[in-house]
Amino acid sequence: MKTPPPTSREDLAQPADPDLPPVGAALLAEIDAIKPVPTRQPARAALLLGLAAGAIPVIYLLAIGPRQDLTVLPLGWVIAAALAWIAGVLAALLAATLPRRGAVLPDAGRAGWAASLVAAGLLLLGLFATVDARGSTLVLEPTWAAFCSGWLHCTSHSLTAALPLLVLGGLVLRRMFPVGGVRIAAALGAAAGATVGLALHFVCPIGGGLHVGLAHAGGVTLGAVLGMILLPRLLRL
Amino acid sequence: VGETPDFKEEADLMARYCDGDPKAFHRLYALVGPKILAYLVGLTNDRALAADVLQQTFLKLHQARSTYVRGANPVPWIYTIAHRAGLDELRKRKASRVSLTPDGQLPREPRATLTGAPEQPGEYDGEQDGSSRISLADLDGLPQNQREALILTKVHGRSLAEAALITGSTPGAVKQRAHRAYVTLRQRLSDRQARPDRESPENVGRRS
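Protein chains in written order, with my numbering: chain A, 2 to 238; chain B, 39 to 246.
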């Protein structure tokens, strides 16, 4: 009588322990000279990056000053939009740095989702939930050239200011990019982009959903892309 | 990953290893090494290469031990390191020159079962129960990602979340790849059972 095809894991060959080779000479020498090392504390890394992220809007406010229409804009909207940006920063940052309970490495899949959702969410927020103060907010002329000029100005801020945070994040998470590193780098980049977006929310005088959506929130997407391109290469150096 | 409660010994050994206890390393090696070696044999289909990569894996683990999070399960992490080291080595091999035997033939790799154990002569004869068993040769022709997913989930019993973490993928993708590989293998086994006399198991395994 023929045995039926396997239908469960038990039907497949079970992993018997093959003969284990002895520890190699190079590794054995390392083990003989072993010293205690401090282990990683992900919460501490997240806190460090969170503090660094928090410093960026403060530096922007001190260096450039608040936008001219800040006092005229509805306070509720200013606070709600700021909280949304902060939530975006935290979601991406925590997904990139904190592993799931019982795991050593951050979850790359979760980090990838966080980067995508934060970028999309903030883009929608910028496009459809931007409020302007008529007469106080600077509204660009409805021309392609004016839009591009404003976009380039704020996006260059996004990328420049996101870079230090991205590099710091890469240093904190070095040696933790064995797999899925691109998605973790994307989450770090999105967090950095959202941090600059938060700063621009308080300092950029240009209004309009198109500008805020594509230049400020677009910085989140560009930050994620920058992280994906830069970090894996940087960490190989 | 976090729901598995039975990794206390591994976590304890890893913590002691990080504290500088060489005995803990050797115990961890004895405990986890066979699983990793079996996985690497499945991944590379080459026992000698797998043994080399195993050494590299534990060397990398040693260098990266400061990134361990106390209390966490180190096993999926070690699998992840091994997976990456194995793929790197496979890539190097693809890019390197091929050694030929004196008569100009490719050297024959020693065969192994799916678990990494050396294959015994006659183990896959159709006269035994071999018609329903799987060898590494049966995985030939499967896409690399399906092969990894199948070995991790069906043979090594890793959860979908763990397998996703190890391979840098998502649980859904791992599930789909493992299922596709499983369907292919079932079809191969069915074909083998239907034609035991015309086609030897070895030939079935080498067909892609």
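For glycine and all other residues, C-beta sits at the position ideal for the given N, C-alpha and C.
What residues from chain A crowd round residue i, counting only those whose CB sits closer than 8 Å?
{"i": "Arg108 of chain B", "result": "Thr40"}
{"i": "Ala89 of chain B", "result": "Pro22"}
{"i": "Asn111 of chain B", "result": "Gly103, Ala104 and Val105"}
{"i": "Ala216 of chain B", "result": "Residues of chain A passing the Cβ test: none, with the nearest at roughly 10 Å."}
Could you tell me which of the options sits nearest to residue i, measuring between CA atoms?
{"i": "Arg103 of chain B", "options": "A:Ala225, A:Gly136, A:His154 and A:Lys36", "result": "A:Lys36"}
{"i": "Asp126 of chain B", "options": "B:Leu223, B:Thr205 and B:Asp50", "result": "B:Thr205"}
{"i": "Gly270 of chain A", "options": "A:Ser137, A:Met229 and A:Gly127", "result": "Nothing about residue 270 of chain A can be reported from this structure: the residues present for chain A run from 2 to 238 only."}
{"i": "Ala88 of chain B", "options": "B:Leu66, B:Arg65, B:Arg122 and B:Glu200", "result": "B:Arg122"}
{"i": "Asp90 of chain B", "options": "B:Leu99, B:Leu75 and B:Gln101", "result": "B:Leu75"}
{"i": "Tyr106 of chain B", "options": "B:Tyr55, B:Asp59 and B:Arg65", "result": "B:Tyr55"}
{"i": "Ala201 of chain B", "options": "B:Leu92, B:His64 and B:Ala120", "result": "B:Ala120"}
{"i": "Gly127 of chain A", "options": "A:Val79, A:Pro143, A:Arg68 and A:Ile65", "result": "A:Val79"}
{"i": "Ala110 of chain B", "options": "A:Ala104, A:Leu172, A:Leu63 and A:Leu28", "result": "A:Ala104"}
{"i": "His194 of chain B", "options": "B:Glu47, B:Leu81, B:Leu128 and B:Phe63", "result": "B:Leu81"}
{"i": "Leu223 of chain A", "options": "A:Val197, A:Ala46 and A:Ala82", "result": "A:Val197"}
{"i": "Tyr77 of chain B", "options": "B:Gln101, B:Phe45, B:Gln231 and B:Tyr117", "result": "B:Tyr117"}
{"i": "Ala191 of chain A", "options": "A:Phe129, A:Leu124, A:Gly136 and A:Ala146", "result": "A:Leu124"}
{"i": "Ser121 of chain A", "options": "A:Asp20, A:Gly219, A:Leu231 and A:Leu236", "result": "In the sequence as presented, Ser is not what sits at residue 121 of chain A; that position holds Ala. Considering only alpha carbons, the answer is A:Gly219."}
{"i": "Phe45 of chain B", "options": "A:Leu62, A:Arg68 and A:Arg102", "result": "A:Arg102"}
{"i": "Leu167 of chain A", "options": "A:Asp70, A:Val90 and A:Leu118", "result": "A:Val90"}
Which chain B residues are close to residue i, counting only those with a beta carbon under 7 Å from its beta carbon?
{"i": "Leu118 of chain A", "result": "Near Leu118 of chain A there are no residues of chain B at all, since even the closest Cβ is about 15 Å away, more than 7 Å."}
{"i": "Leu106 of chain A", "result": "Trp115, Thr118 and Leu203"}
{"i": "Ala109 of chain A", "result": "Gly206"}
{"i": "Pro43 of chain A", "result": "Val107"}
{"i": "Gly25 of chain A", "result": "Gln93"}
Helix, strand or coil: how does DSSP classify residue i here?
{"i": "Ile35 of chain A", "result": "coil"}
{"i": "Pro100 of chain A", "result": "strand"}
{"i": "Leu201 of chain A", "result": "helix"}
{"i": "Leu139 of chain A", "result": "strand"}
{"i": "Pro107 of chain A", "result": "strand"}
{"i": "Ser104 of chain B", "result": "helix"}
Short of 6 Å in beta carbon distance, which residues of its chain neighbour residue i, apart from the five on each side in sequence? Order them along the chain.
{"i": "Gly209 of chain A", "result": "Val140"}
{"i": "Thr131 of chain A", "result": "Gly210 and Val213"}
By the criterion of Cβ-Cβ separation under 8 Å, what are the contact partners of residue i in chain B?
{"i": "Asp28 of chain A", "result": "In the sequence as presented, Asp is not what sits at residue 28 of chain A; that position holds Leu. Chain B residues near Leu28 of chain A: Gln93, Phe96, Leu97 and His100."}
{"i": "Ile87 of chain A", "result": "Chain B residues near Ile87 of chain A: none, gap ~26 Å exceeds 8 Å."}
{"i": "Pro233 of chain A", "result": "Within chain B, no residue comes near Pro233 of chain A; the closest Cβ sits about 12 Å away, beyond 8 Å."}
{"i": "Pro67 of chain A", "result": "None at all; the shortest Cβ gap to chain B is about 41 Å."}
Within its chain, find whatever has a CB closer than 7 Å to the CB of residue i; leave out the 5 residues flanking it on each side and keep chain order.
{"i": "Leu215 of chain A", "result": "Trp152"}
{"i": "Ala49 of chain B", "result": "Gly109, Ala110, Asn111 and Pro112"}
{"i": "Leu74 of chain A", "result": "Val132 and Ala134"}
{"i": "Leu201 of chain A", "result": "Cys155, His158 and His217"}
{"i": "Lys98 of chain B", "result": "Ile119 and Ala123"}
{"i": "Phe96 of chain B", "result": "Tyr67"}
{"i": "Ala47 of chain A", "result": "Leu94, Leu95, Thr98 and Leu99"}
Is any heavy atom of the ligand MN found at a distance shorter than 8 Å from the C-beta of residue i?
{"i": "Val73 of chain A", "result": "Of the ligands one can find in the structure shown there are none, so the ligand MN has no counterpart to examine."}
With a CB to CB cut of under 8 Å and the five nearest residues on each side skipped, what residues in its chain are close to residue i?
{"i": "Gly77 of chain A", "result": "none"}
{"i": "Val212 of chain B", "result": "Ala187, Leu190, Thr191, Leu198, Ala201, Ala202 and Thr205"}
{"i": "Pro43 of chain A", "result": "Thr98, Leu99, Pro100 and Pro107"}
{"i": "Ile87 of chain A", "result": "Leu199"}
{"i": "Ile32 of chain A", "result": "Val24"}
{"i": "Gly66 of chain A", "result": "Val204"}
{"i": "Arg65 of chain B", "result": "Leu51"}
{"i": "His100 of chain B", "result": "Phe63"}
Which bits of chain B does residue i rub up against, with CB to CB less than 9 Å?
{"i": "Glu31 of chain A", "result": "Leu97, His100 and Gln101"}
{"i": "Ile230 of chain A", "result": "Neighbours of Ile230 of chain A on chain B: none; closest Cβ ~17 Å, over 9 Å."}
{"i": "Ile60 of chain A", "result": "In chain order: nothing, as chain B lies at least about 30 Å away."}
Along chain A, which residues have their Cβ under 9 Å away from the Cβ of residue i?
{"i": "Ala187 of chain B", "result": "Residues of chain A passing the Cβ test: none, with the nearest at roughly 13 Å."}
{"i": "Leu190 of chain B", "result": "Result: empty, since nearest Cβ-Cβ is about 11 Å, beyond 9 Å."}
Since residue i meets chain A, which of its residues come closer than 7 Å, beta carbon to beta carbon?
{"i": "Ser104 of chain B", "result": "Val38, Pro39, Thr40 and Arg41"}
{"i": "Ala219 of chain B", "result": "Here the premise fails: no neighbours, minimum Cβ distance about 11 Å."}
Members of the segment 190-214 of chain A near chain B, C-beta cut-off 9 Å: For the segment 190-214 of chain A, there are no residues whose beta carbon sits under 9 Å from a beta carbon of chain B.
Near-chain A residues of the segment 42-63 of chain B (beta-carbon distance less than 7 Å), N- to C-terminal order: For the segment 42-63 of chain B, the set of positions with a beta-carbon nearer than 7 Å to some beta-carbon of chain A reads Thr42, Cys56, Asp57, Gly58, Pro60 and Phe63 in chain order.
Within 7 Å of chain B by C-beta, residues of the segment 70-81 of chain A in sequence order: Within the segment 70-81 of chain A, no residue qualifies.
Positions along the segment 144-166 of chain A whose CB lies within less than 8 Å of some CB in chain B: Correct list: empty, as no residue qualifies.
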